[in-house]
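2 protein chains.
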Amino acid sequence: MATISDVAKLSGLSKTTVSRVINNHPYVSDKKRERVLKAMKELGYIPNPSARRLRGQLTTTIGVIVPRIVNPFFAHLVNSIEQAAYKKGYQMLIGQSYEDKEKELAFLNLLKTKQVDGIIMTSTENDWDIIESYNEYGPIILCNDYINQEVAPMIRLDQTKGAYLGANHLIERGHQKIAYCTGGLFDEQGKGKDRNQGFQKALSEAGIKINPKWIFIDQHTIEDGKHVLRQILEMEDRPTAIFTGSDEVAGGIIIEAKEHGLLIPNGLAVIGFDDQPIAEILDPKLTTIRQPVDLMGERSIEVMVELLVNPEMEIRNYELPIELIVRKST
Amino acid sequence: MATISDVAKLSGLSKTTVSRVINNHPYVSDKKRERVLKAMKELGYIPNPSARRLRGQLTTTIGVIVPRIVNPFFAHLVNSIEQAAYKKGYQMLIGQSYEDKEKELAFLNLLKTKQVDGIIMTSTENDWDIIESYNEYGPIILCNDYINQEVAPMIRLDQTKGAYLGANHLIERGHQKIAYCTGGLFDEQGKGKDRNQGFQKALSEAGIKINPKWIFIDQHTIEDGKHVLRQILEMEDRPTAIFTGSDEVAGGIIIEAKEHGLLIPNGLAVIGFDDQPIAEILDPKLTTIRQPVDLMGERSIEVMVELLVNPEMEIRNYELPIELIVRKST
DNA sequence: TAATTATATGAAAATGATTTCATGTTCTTG
DNA sequence: CAAGAACATGAAATCATTTTCATATAATTA
């Protein structure tokens, strides 16, 4: 690989001048700039990022933590982040936390060692106190997941409203016996908590009591959804509708219902969350709450880049619209 | 951040000795090693990767190129690669080529600038002549996609056999009028070509002629599949079965068939490729050809790590098993 | 016991960039 | 036209590490 010295030698100028051209510093005459550019092209010169980093320059790499990339919601989110990053000349380093605290910390360490300029977290496993300690090494922003304090920029949705819209829709369809199925645990913080609140608000406004037997926690996959449906079938007093925290779980419920001859939506109305491609594939098609994934990715990169340019930037929340998509499963 | 000099100062030893401890060089006395380790722990010292890279050390980062991460097949592949890489202490840098030659080259440049130790390509957009020119900067291995020369290690499946199995299955079910739907173009190299051959072999063995009107090329998404079905419905002479290059396209066909009241498999038998989660979700469940994604990811990392340790390693192919999964769509 | 050889350690060079400082030229401005 | 400001250039320092070279001591061998 050609180095800056090679370029300097070939162009008959100093490394300093070459460096100035690379970083388009103003004080370079047009003639010499031309000579440098010509030499650079001739040698196929690319500045060595390790050397630039060592001098405290930016890495033009942004880290993204996701729980698991095979979850289509996160695949889409990662996709939109990567697209936006590429447009701005950034690379994307991906890490899967697999809901493991250690893995999350291992990834945050990349910030400490300046391998990434900043990190976008789409989920958080550790407490914020711990994550915060990495913040001094570079910006951390939360996208999708969030916590209820204004400590870092957050790209978030009004989850409370989303859950409220969904629950309300079920109530309007005449349901009184509504089950609830969440990805998190019940006393959690952030996203899950807000959804719980929205759900509860809708029900209490309609004067409906929540039956604790109809609450399912820690449900994530299609398999989990199937299992939930089997549990419901065994109940004496069954719910007539179920609100789920993800399209995948909703999908599992619908697939298993078909297996057991339970009709959707007449036997059980099902509502999902995310509006993933699967929502259109299921039969019946899934009523769900759409999260504007592309917007979230784009906005995250925008905020990250601003923050890298101006680290003193004001920390605030960016709330994006959330929307109910009514299809055939309710 | 603490530097190696800080550790040297605190431990009262030289940078050299500290470096020796970090890289566990043999010639360090146990006593001093202890002192260094203690100082390192006390300062929370982590070596600066940029500086190490600059000195020509490995980056412990492996680049992975995928066409698009939202394609569940590639999401799973990336997942298995990341898992395997993490276990061996490597990070994974992802780039989406979006089937764009420029983007692919931009990513290959990371090798040139030593930002990654090696690159795993799960698809290739540029000709091998061009890709090969990056090979001198670090190992490139092909996983999933491949070319028909032994120029780089390839983790591949016997695609010819896969397509043969699928086509044969349709023929055994009594079909004579079989359509073919591929992701690539028709005269392509590598994966697509082998599949074409397998398909053709099965048909010619059964004495069946291929109807060129029933060949669909460049089909990738669910939407593409829907479109294919509409085209079939408009034909006077319709096929009774269709072989597709991906579960997603097959899914689109099945969904659209339902929309038009065409029964699967009686009106049209459909066979997919990949055995993605969607295959189990579709109604009827999809007959498909399973690719051992987890194995492919694992093997790729194994080979990559070996190759990094011993760059002179013999180049060879690693062929993994491929399998027909019969469900309800045929 | 003298001569190798293996073990231990550190000073200084090297890696490839950017930044600081010094110096010289050209342009404004009073 | 003198003096200060703006422009243009390069030598050398700097970033955090590894590697080379030099040197000293301990262990082995002849």
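First to last, the sequence lines map onto chains A and B.
Read left to right, the first sequence gives residues 1 to 330 (full-length UniProt numbering).
Read left to right, the second sequence gives residues 1 to 330 (full-length UniProt numbering).
C-beta: ideal position from N, C-alpha, C; glycine also.
| said: If you measure between the beta carbons of Glu125(A) and Glu150(A), is that distance less than 9 angstroms? | reply: As a working note, residue 125(A) is residue 125 in the first sequence. As a working note, residue 150(A) is residue 150 in the first sequence. It is not a contact, given that the beta carbons lie outside the stated cut-off.
| field | Contact set for Lys191(B): own chain, Cβ-Cβ below 7 angstroms, skip 5 residues either direction | value | Against the second sequence, residue 191(B) aligns to sequence position 191. Excluding positions up to five away in sequence, the list reads Asp145, Tyr146, Gln159.
| request: Would you list, in chain order, the members of the stretch 31 to 60 of chain B that have their beta-carbon closer than 7 angstroms to a beta-carbon of chain A? | output: Near chain A, meaning a CB-to-CB distance below 7 angstroms, the residues of the stretch 31 to 60 of chain B are Ile46, Asn48, Pro49, Ser50, Ala51, Arg53, Leu54.
| What in chain A is Cβ-close to Val70(B), meaning under 8 angstroms? | Taking the second sequence and counting its residues from 1, one reaches residue 70(B) at position 70. By Cβ distance, chain A contributes Pro72, Ala75, His76, Asn79.
| When you compare each of Glu256(A), Leu43(A), Ala250(A), Ile141(A) to Arg299(A) by their alpha carbons, which one comes out closest? | Stepping through the first sequence from its first residue, residue 299(A) is reached at position 299. Closest by alpha carbon: Ile141(A).
| request: Determine the extent of the alpha helix (DSSP H) in which Leu263(B) is found, giving its start and end residues. | output: If you number the second sequence from 1, residue 263(B) lands on position 263. That residue, Leu263(B), is in no alpha helix (DSSP H); it is neither H nor E in DSSP.
| message | Contact criterion: CB-CB distance below 9 angstroms. Does Lys328(B) meet it with respect to chain A? | response | As a first step, residue 328(B) is located in the second sequence; it is residue number 328 there, counting from the start. The C-beta of Lys328(B) comes no closer than 9 angstroms to any C-beta of chain A.
| field | Every unbroken alpha helix (DSSP H) inside the stretch 81 to 140 of chain A [4 residues or more] | value | Taking only runs of at least 4 residues, the alpha helix (DSSP H) segments lying wholly in the stretch 81 to 140 of chain A are 101 to 112, 128 to 132.
| request: Measuring only between beta-carbons, confirm whether Pro67(B) sits less than 9 angstroms from chain A. | output: Along the second sequence, one-based indexing puts residue 67(B) at 67. With 9 angstroms as the cut-off, Pro67(B) does not count as an interface residue toward chain A.
| said: Any beta carbon of chain A sitting closer than 9 angstroms to that of Tyr180(B)? | reply: Here the question's residue 180(B) lines up with position 180 in the second sequence. By this cut-off, Tyr180(B) is not an interface position.
| task | Hey, could you find the ends of the alpha helix (DSSP H) Arg156(B) is sitting in? | result | By one-based count along the second sequence, residue 156(B) stands at place 156. No alpha helix (DSSP H) holds Arg156(B); the beta strand (DSSP E) holding it covers 154 to 157.
| request: Could you have a look at Glu236(B) and say whether DSSP puts it in helix, strand or coil? | output: If you number the second sequence from 1, residue 236(B) lands on position 236. Under the three-state reduction of DSSP, Glu236(B) is assigned to coil, being neither helix nor strand.
| message | Is Met92(A) close to chain B? Criterion is C-beta to C-beta, closer than 9 angstroms. | response | Taking the first residue of the first sequence as position 1, residue 92(A) is located at position 92. It does; some Cβ of chain B falls within 9 angstroms.
| task | For the alpha helix (DSSP H) containing Leu307(B), list its first residue and its last residue. | result | Your numbering for residue 307(B) matches position 307 in the second sequence. Following the DSSP letters along the chain, one finds Leu307(B) inside the alpha helix (DSSP H) bounded by residues 293 to 309.
| C-alpha gap between Arg33(A) and Ala84(A), whole angstroms | Counting from one through the first sequence, the residue named residue 33(A) turns up at place 33. Counting from one through the first sequence, the residue named residue 84(A) turns up at place 84. When rounded, the separation of the alpha-carbon atoms in Arg33(A) and Ala84(A) is 31 angstroms.
| request: Alpha carbon to alpha carbon, how far is Asn71(A) from Asn71(B)? Give it in angstroms, no decimals. | output: For the purposes of this step, residue 71(B) is identified with residue 71 of the second sequence, where counting begins at 1. For the purposes of this step, residue 71(A) is identified with residue 71 of the first sequence, where counting begins at 1. Here the C-alpha atom of Asn71(B) lies approximately 11 angstroms from the C-alpha atom of Asn71(A).
| task | Decide if the stretch 54 to 65 of chain B is in contact with the stretch 112 to 123 of chain B; the criterion is three or more beta carbon pairs, one per stretch, under 8 angstroms apart. | result | Three or more beta-carbon pairs separated by less than 8 angstroms link the stretch 54 to 65 of chain B to the stretch 112 to 123 of chain B, which places the two stretches in contact.
| query | Of the residues that make up the stretch 270 to 286 of chain A, which ones have a beta carbon closer than 8 angstroms to any beta carbon in chain B? | reply | Against chain B - using a Cβ distance shorter than 8 angstroms - the residues of the stretch 270 to 286 of chain A are Pro277, Ile278, Glu280, Ile281, Leu282, Asp283.
| message | Between Glu136(B), Glu205(B), Lys193(B), Gly272(B), which has its C-alpha nearest Ala179(B)'s C-alpha? | response | Numbered from its first residue, the second sequence carries residue 179(B) at position 179. If we check each option's Cα against that of Ala179(B), Gly272(B) comes out closest.
| message | So, with DSSP's three-state summary, where would you put Gly198(A)? | response | In the first sequence, the residue the question calls residue 198(A) occupies position 198. In this structure, Gly198(A) counts as helix in the three-state DSSP scheme.
| said: Do Gln176(B) and Ile208(B) count as a contact pair if the criterion is CB distance below 9 angstroms? | reply: Counting from 1 along the second sequence, the entry for residue 208(B) is found at position 208. Counting from 1 along the second sequence, the entry for residue 176(B) is found at position 176. Yes, Cβ-Cβ distance for Ile208(B) and Gln176(B) is below 9 angstroms.
| field | N-terminal and C-terminal residue of the alpha helix (DSSP H) that Leu37(A) is part of | value | For this step, residue 37(A) is matched to residue 37 along the first sequence. Note, Leu37(A): alpha helix (DSSP H), 30 to 43.
| message | Please identify the residue among Lys112(A), Ser14(A), Ile155(A), Met154(A) whose C-alpha is closest to the C-alpha of Tyr134(A). | response | Mapped onto the first sequence, residue 134(A) falls at position 134. That would be Lys112(A), whose Cα lies nearest to the Cα of Tyr134(A).
| task | Would you decide whether Asp224(B) is buried or exposed? Buried here means 16 or more other CB atoms lie within 10 Å of its CB. | result | Residue 224(B) sits at position 224 when you count from the first residue of the second sequence. Classification of Asp224(B): buried, given that the 10 Å Cβ count is 16 or more.
| What are the complete beta strand (DSSP E) segments, minimum 3 residues, inside the stretch 162 to 189 of chain A? | Runs of the beta strand (DSSP E) lying entirely within the stretch 162 to 189 of chain A, each at least 3 residues long, are 178 to 181 in chain order.
| query | So is Glu259(A) buried or exposed if we call it buried at 16+ other beta carbons inside 10 Å? | reply | Looking up residue 259(A) in the first sequence gives position 259. So Glu259(A) ends up on the exposed side.
| task | Keeping to the same chain, check which residues put their C-beta closer than 7 angstroms to that of residue 402(B); ignore five residues upstream and five downstream. | result | Residue 402(B) lies beyond the stretch modelled for chain B, which goes from 1 to 330, so this question has no answer here.
| Expressed to the nearest angstrom, what Euclidean distance is found between the alpha-carbon atoms of Leu229(A) and Leu233(B)? | Within the first sequence, numbered from 1, the residue matching residue 229(A) stands at position 229. Within the second sequence, numbered from 1, the residue matching residue 233(B) stands at position 233. For Leu229(A) and Leu233(B), the distance between alpha carbons rounds to 37 angstroms.
| Closest by C-alpha distance to Pro67(B), when choosing among Tyr318(B), Gly184(B), Met1(B), Glu136(B) | Taking the second sequence and counting its residues from 1, the one referred to as residue 67(B) is at position 67. In this structure, Gly184(B) is the residue among Tyr318(B), Gly184(B), Met1(B), Glu136(B) with its C-alpha nearest to the C-alpha of Pro67(B).
| field | Alpha carbon of Ser5(A) to alpha carbon of Ser14(A), nearest angstrom | value | Your numbering for residue 5(A) matches position 5 in the first sequence. Your numbering for residue 14(A) matches position 14 in the first sequence. Straight through space, the alpha carbons of Ser14(A) and Ser5(A) are spaced by roughly 8 angstroms.
| said: In this structure, how does DSSP classify Asn24(A) when only helix, strand and coil are distinguished? | reply: Start at 1 with the first residue of the first sequence, and residue 24(A) comes out as number 24. Asn24(A) sits in coil when the DSSP states are folded into three classes, being neither helix nor strand.
| message | So, for Pro139(B): in the same chain, excluding its five sequence neighbours on each side, which residues have a beta-carbon less than 6 angstroms away from its beta-carbon? | response | For the purposes of this step, residue 139(B) is identified with residue 139 of the second sequence, where counting begins at 1. Gly118, Leu307, listed in sequence order.
| request: Name the one or two DSSP bridge partners that Thr287(A) has. | output: Here the question's residue 287(A) lines up with position 287 in the first sequence. The partner list for Thr287(A) (beta bridge, DSSP) reads Ile271(A).
| message | Going by beta-carbon coordinates alone, are Ile155(A) and Tyr45(A) separated by less than 9 angstroms? | response | Position 155 of the first sequence, counting from 1, holds the residue named residue 155(A). Position 45 of the first sequence, counting from 1, holds the residue named residue 45(A). Going by C-beta atoms, Ile155(A) is not nearer than 9 angstroms to Tyr45(A).
| request: Would you tell me roughly how many angstroms separate the C-alpha atoms of Ala257(B) and Ala250(A), rounded to the nearest one? | output: Translated into the one-based positions of the second sequence, residue 257(B) becomes position 257. Translated into the one-based positions of the first sequence, residue 250(A) becomes position 250. Taking the straight line joining both Cα atoms gives about 23 angstroms.
| query | What did DSSP end up calling Thr244(A) once you bin it into helix, strand or coil? | reply | Position 244 of the first sequence, counted from the start, is the residue given in the question as residue 244(A). Three-state result, Thr244(A): strand.
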